[in-house]
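Following: one structure in C-alpha cells, then a few remarks.
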Amino acid sequence: MNELQATGGDVLGIGGETDQYLTFMLADEEYGVDILRVQEIRGWTRATPIPNAPSYLKGVINLRGAIVPIIDLRERFGLPPLEYGPTTVVVVLKVLGASGSRTMGLVVDAVSDVYSFGPDARQSPPELGAVVDARFLQGLATVGDKMVILLDVDRLLNTGALAVAGLE
Amino acid sequence: MAIDVGQFINTFLEESFEGLELIESQLLDLRDDDAEAVNAIFRAAHSIKGGAGTFGFQAVGDFTHGVETLLDQVRTGVRPVTDELKALLLEAGDCIRDMLVAARDGAQTDAARIARVQERIDASLRAPGKRPIPFPPSEGARELEADRRSLEEGASNVQSGSDEGVVADTTDPGLGLRGPGWRIRFVPDPDVMRTGNDPLRLFAVLADFGDLQVRCELEGLPPLAELDPEECRMSWLLTLVSDVNKTDVEEVFEWVLDECTLEVEALDTAQVGDIDPVANDEITPPSLPVGPASMASDHEAVASERARSVGGTACLETVPDAAEGTSLEARGVGGVAVAGRSTPLPERRSTDTGSIRVGIDKIDGLINLVGELVITQSMLGQIGDEMVSGEQACLERLLEGLAQLERNTRELQESVMNIRMLPISFVFNRFPRLVHDLSARLGKRIELRLSGEQTELDKTVMEKIGDPLVHLVRNAIDHGIELPQKRIAAGKPESGQLHLHAYHKGGNIVIEIRDDGAGLDPRRLIAKAVERGIVAPGQELTDEQAHELIFAAGFSTAEQVSDVSGRGVGMDVVRKNIKALGGSVEVRSRPGRGCTFVIRLPLTLAIMDGQLVRVGGEIYIVPLVSIVESLQVRPEAVHSLAERQLVYRLRDEYIPIVFLVELLADGRPPGSLASALLVVVEADGQKLALVVEDLLGQQQVVIKALETNFRRIEGLSGATILGDGTVALILDVSGLIGLCGGRREAAGEVAAGVDAA
C-alpha cells in the first residue's frame with residue numbers, strides 16, 4: 210500500500226499562533242491545508258461513480274469500511290484534468306460542517322511539503338485575479354520566494370454538490 | 196470517598212421511565228385485591244422517590260412522596276382502589292414523567308398542572324379512604340410484606356425482627372417501636388479508619404434523620420507522644436431525635452458493625468424535654484406522611500443510597516430492597532416462598548431477566564466490525580475460487596477453512612444483529628394507557644388484546660414504527676369501533692375488541708391491528724374521494740381499490756374533525772413512514788365486521804438481501820424485496836407509448852421500461868434492448884422494468900449510509916462494500932420512480948430505444 214499515515218498534532222510542540230500546513234501541487238501552484246485535518250495520504254484507487262454528480266466528484270471509495278467521496282481538485286477549480294497515474298495522490302481530510310465531521314478525499318497532482326506559518330507569514334487573499342474563488346481561501350503565505358495558497362477546507366468541501374443538504 | 200453521581204443520573208432516569216411505564220401498565224388493570232400489582236406499583240414509585248432524592252431532583256422526590264403515601268395506603272388496605280384514584284395516579288405518573296423529562300432536558304414543566312395534581316393528592320390524603328379498616332383485608336399483601344421482611348432478615352441480620360410495627364401501625368403512630376428518638380453509643384475499634392470508614396460521614400447520615408446531638412468522649416485518648424494519628428481512640432455519644440426506627444439507625448452503622456461497639460437505646464419522652472414539642476404534634480395523620488410508608492421507605496431510601504455510594508465494594512444482595520429489581524430477582528432466585536401464590540408479572544419479568552444496558556454506539560461498532568468480517572470472508576472466498584487451478588490438496592484445505600469461516604461469520608453476524616433486537620412489547624406497552632384514555636374520552640368501551648409481544652425487531656425499526664402504530668390505533672378507536680348503543684343495535688357485544696398481534700414471517704415482522712368495529716364503507720370512501728377530487732366521478736372501483744383510498748393524501752373520512760384523529764394528514768403519512776422503513780401496510784375490511792391493518796416490516800435496517808446487477812459497467816444492488824421478477828426481453832412484448840415511452844407487456848400488464856444506464860450514468864446512450872435483461876421491480880404500488888446489462892449474484896449486503904461522509908442521493912438508498920473491496924451503490928426503487936417521473940417531464944422525448952428494439 211502506498212499510503213503513509215499523517216503524523217498527529219503536536220509534531221513540533223510549537224505553541225502560539227503557528228499552524229502547520231501540508232502542501233501539495235496543483236497545476237504548478239502550491240496549495241496548503243491545515244495538517245491537523247489530514248487523516249492520511251493514499252494512492253489513487255478507482256472510485257465508484259455517483260450517478261448524476263458533477264464531474265469533479267469522482268465517486269466514492271471504501272476507506273476501511275467507510276464510504277468516502279473523492280473530489281478532483283483540478284476539476285473543482287476548473288483546471289484542465291490530468292490523466293490519473295501512479296503519482297496521483299488522494300489527501301484524505303476531515304471536514305467540519307453543519308452536520309458534524311465528515312471524511313472526504315481530494316485528488317491532487319503530488320504532495321509537496323510541510324510548513325509552519327506564524328500569523329505574520331500569512332496574509333489575506335486578494336479579492337480578484339485568482340482562478341480559485343476567494344471564499345475557499347484562508348490566505349496566502351510565503352516560503353522563500355514561493356507562494357503557498359492556504360485553503361479553507363470546510364468552506365471548500367461544504368459548498369455546491371458537496372453541501373450536506375445538497376443545496377446549490 | 197467522592198463518587199461522581201452524574202454518571203448514574205442517566206441510569207436513574209432510564210429506570211424511572213421504565214418504572215413509570217410499569218406503574219401505568221399495572222394501574223390500568225389494577226384490582227383491589229391484587230397485592231402483587233399494588234406492591235409492584237409501590238416499589239416503582241418508591242424507587243423513583245429514592246433516586247430522585249439521591250440525585251437532587253428535590254421536586255420530583257417531594258411530588259412522588261405524596262404518590263407513594265397514597266399507594267402505601269392502598270397497599271395496607273386503608274384506601275380502596277377506585278377509578279378516581281387510578282385516574283389521579285395515572286395523572287400523577289404523567290407529572291412525574293414531565294418533571295423528569297424537564298430535569299433531563301432542562302426544559303420547563305407545566306407548573307400549574309403539577310400544582311393541580313399535587314393539590315388533588317393532598318386532598319385525597321387528607322380525606323380518609325372510604326374504607327378505613329386499619330388492617331389489610333388482603334392476606335396476600337400481608338404475606339408479601341412478611342416475606343419481604345423474612346428475606347431481609349435472612350439477608351442481613353442487622354435488621355432481624357426489628358420492625359414488627361410496619362403493617363399493623365397505620366393509624367396510631369404511638370404503637371410502633373418508634374420512640375421519640377435514640378441514644379446511640381458508638382465506640383469504634385482503633386482500626387476503623389484503616390478500613391476506609393469515617394465516623395463523620397456516619398453522623399452526617401444520622402443527621403439527615405432528624406435533630407442530632409453529638410458528644411465526643413476523649414477518655415480513651417493516649418498521651419500525645421503515644422498518639423498514632425491513624426488510629427481512632429475516640430468514642431461518641433449521640434442523641435438523635437427522630438421518628439426513624441431502630442433498624443434505620445443500626446443500618447447506618449452497618450459497615451462498621453464488626454469494628455465497633457454500638458449501643459442503641461430508645462429515648463424516653465422525658466429525655467427529649469428540651470426538644471421542641473411541636474415536632475411531636477406534627478406526627479398526626481393524615482396530613483403528614485408518617486406511618487409505615489415513610490418509615491419503611493426512609494430506611495429503604497438510605498439503603499439504596501448506600502448501595503449506590505458503596506458501589507462495587509458491597510454485595511447488593513445484602514442490602515434489602517436496595518434496587519427494587521434486584522430484590523425481586525433475589526427473591527425468585529433464593530426460592531423464598533413467593534412462587535406460585537402471587538399473580539405473575541410477565542411484562543416485568545421479560546424486561547428484568549438478565550439484561551444489561553449497553554450504549555447503542557458500542558453495538559453499532561460491533562455491527563460495523565462484523566460487517567467488515569463478512570466482507571473479508573467473501574473476499575477470501577473469491578480468492579479461493581480463483582485458485583482452483585492451484586495445488587489440489589492445499590486448495591481443498593483452504594476451501595474447507597473458508598467454508599467454516601463463512602459459517603462462523605454468518606453465525607456471529609446473526610448474534611450481533613440480535614443484540615439490537617428488542618421485543619415489540621416496548622411499543623405495545625404504551626397502548627393500554629392510550630386505549631384507556633381515548634375510550635374514556637369518547638365514551639366507548641374497548642377491550643384491548645395484545646399478542647405476540649415477545650416478537651423481536653430491530654431497535655431502530657421499533658423507534659420509527661411507534662408513531663404510525665399509535666395513529667392506526669387511534670383511528671381504530673375513533674373511527675372504527677362504534678359507541679356502545681350502536682354496537683348493541685348492530686347485535687354486537689357492547690365492548691369493542693381491539694387486537695394488536697405481532698409475528699415473524701420470513702425475514703419480516705408482521706403487525707396486525709384488528710378491530711371489530713364498523714369497518715370501511717366503500718361507498719362512503721368513494722363519495723369522499725370524489726368530493727376531494729381524488730377520484731373522477733363515475734369511476735368504477737373494486738372494494739379493495741376503495742379501501743386503498745384511505746391512504747391517499749388529504750383523505751379523511753371523519754365526519755367531524757376531532758382532536759383524536761381525522762386531521763386528514765393521517766394515513767398517507769403512516770404509509771409513507773412505513774415505506775421509508777422498507778415495509779408495507781395493507782388494509783382489509785368487511786363492512787359491519789371490522790377492519791384489519793397489516794404492517795410488514797423488515798427485521799433490521801442494517802443488512803439486506805440484494806441482487807447484484809451490472810449497469811454501464813458498474814455494479815449496482817437492487818433490494819431483493821422490491822424485485823417482482825427478472826426476465827429476458829421478448830422483442831414482441833415491447834410497445835412504444837406515444838413514441839416517447841417504452842412499455843413491456845408482462846402477462847396482462849403494461850410496465851414502463853426504464854433504461855437504468857440513462858438514469859445512472861449520465862449521457863451514456865442506452866444499449867440495445869435485445870440483448871438486455873429486465874428486472875421488474877415494484878414500489879408504491881407501481882411497477883417498473885429496469886433494463887440491466889447483466890444479472891450477477893444475490894447476496895446479503897451491509898448497508899452503509901452515504902450521508903455519513905457525503906449526502907443523500909436521489910434514487911440511492913446507500914452503498915455497500917463488495918467482496919473485492921469496491922463500493923457498490925444500492926438502488927432505492929421508490930426514489931427511481933420519482934427520478935423517472937422528473938426525467939419524463941423534463942426531457943421531451945426518450946431517445947433511441949425505439950429503433951434499438
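Chains A and B supply the protein sequences, listed in that same order. Just add 209 to wherever you are in the first sequence, counting from 1, and you've got this note's numbering. Just add 195 to wherever you are in the second sequence, counting from 1, and you've got this note's numbering. Beta carbons are placed, not taken as given, at the ideal position from N, Cα and C, and that holds for glycine. Quantities reported herein were computed from a predicted structural model and do not represent experimental measurements.
The beta-carbon of Lys899 (chain B) is placed less than 8 Å from the nearest beta-carbon of chain A. For Lys639 (chain B) against Gly691 (chain B), the beta-carbon gap comes to about 7 Å, under 8 Å, which counts as contact. Residue-level contact check: Ile916 (chain B) touches chain A, since one or more beta carbons of chain A fall below 8 Å from its beta carbon. Here Leu432 (chain B) has Arg380, Arg410 as same chain residues with Cβ atoms under 6 Å from its own Cβ, once five neighbours each way along the sequence are excluded. Residue-level contact by beta carbon fails for Met356 (chain A) and chain B, as no gap is shorter than 8 Å. Assigned with DSSP and collapsed to three states, Arg783 (chain B) falls in strand. The region 439-456 of chain B makes contact with the region 377-393 of chain B: 3 or more CB pairs, one atom from each, lie closer than 8 Å. Nearest Cα to Ala230 (chain B) within the set B:Pro275, B:Phe250, B:Gly214, B:Ala247: B:Pro275. Taking CB atoms only, Ile641 (chain B) has no neighbour in chain A less than 8 Å away. Annotation: Gln840 (chain B) to Ala884 (chain B) spans about 12 Å, alpha carbon to alpha carbon. Residue-level contact check: Phe905 (chain B) touches chain A, since one or more beta carbons of chain A fall below 8 Å from its beta carbon. Closer than 8 Å to the CB of Ile908 (chain B) there is at least one CB belonging to chain A.
Contact between the region 679-691 of chain B and the region 794-801 of chain B is absent: fewer than three C-beta pairs spanning the two stretches fall below 8 Å. Within chain B, Leu901, Asn904, Phe905, Ala914, Val922, Leu924 have C-beta atoms less than 9 Å from the C-beta of Val269 (chain A), given in sequence order. Following the DSSP letters along the chain, one finds Ile562 (chain B) in no beta strand (DSSP E) but inside the alpha helix (DSSP H) bounded by residues 555-581. In the three-state reduction of the DSSP assignment, Trp450 (chain B) falls in the helix class, which pools H, G and I. The continuous beta strand (DSSP E) containing Ile280 (chain A) extends over residues 275-281. Contact annotation: in the region 257-291 of chain A, residues whose CB is within less than 7 Å of a CB in chain B are Thr257, Pro258, Ile259, Pro260, Asn261, Val269, Ile270, Asn271, Gly274, Ala275, Ile276, Val277, Pro278.
The region 829-844 of chain B makes no contact with the region 764-783 of chain B, as fewer than three CB pairs between them are under 8 Å. Distance between Arg788 (chain B) and Thr277 (chain B), taken at the CA atoms: about 34 Å. By the Cβ-count criterion, His241 (chain B) is buried, with 16 or more other Cβ atoms from all chains shown falling within 10 Å of its own Cβ.
When CB distances to chain A are screened at a threshold of 8 Å, the residues of the region 558-570 of chain B falling below it are Asn563, Gly566, Glu567, Ile570, in chain order. Interface with chain A (8 Å Cβ-Cβ cutoff): Glu813 (chain B) is included. Annotation: Thr249 (chain B) is outside any beta strand (DSSP E); the continuous alpha helix (DSSP H) that includes it extends over 230-249. Following the DSSP letters along the chain, one finds Thr264 (chain B) inside the alpha helix (DSSP H) bounded by residues 253-270. In this structure, Leu826 (chain B) and Leu873 (chain B) form a Cβ contact; the two beta carbons are roughly 5 Å apart against a cut-off of 8 Å.
Secondary-structure assignment with DSSP links Ser325 (chain A) through a beta bridge to A:Gln229.
Shown here is that no member of the region 880-892 of chain B has a Cβ falling below 9 Å from a Cβ of chain A. Here Gly214 (chain B) is buried, its C-beta having at least 16 other C-beta atoms within 10 Å.
Cβ neighbours of Ile259 (chain A) within its own chain (closer than 7 Å, five residues either side excluded): Leu266, Gly268, Val269.
Looking at the backbone, the Cα of Ala748 (chain B) and that of Met766 (chain B) are separated by about 8 Å. Around the C-beta of Glu449 (chain B), 16 or more other C-beta atoms lie within 10 Å, and the residue is accordingly described as buried.
Less than 8 Å divides the Cβ of Ile236 (chain B) from the Cβ of Leu222 (chain B). The region 235-251 of chain A and the region 901-916 of chain B do not touch, with fewer than 3 CB-CB distances between them shorter than 8 Å. Within the model, the alpha-carbon separation for Leu315 (chain A) versus Lys355 (chain A) is close to 22 Å. When secondary structure is reduced to three states using DSSP, Lys899 (chain B) falls in the strand class.
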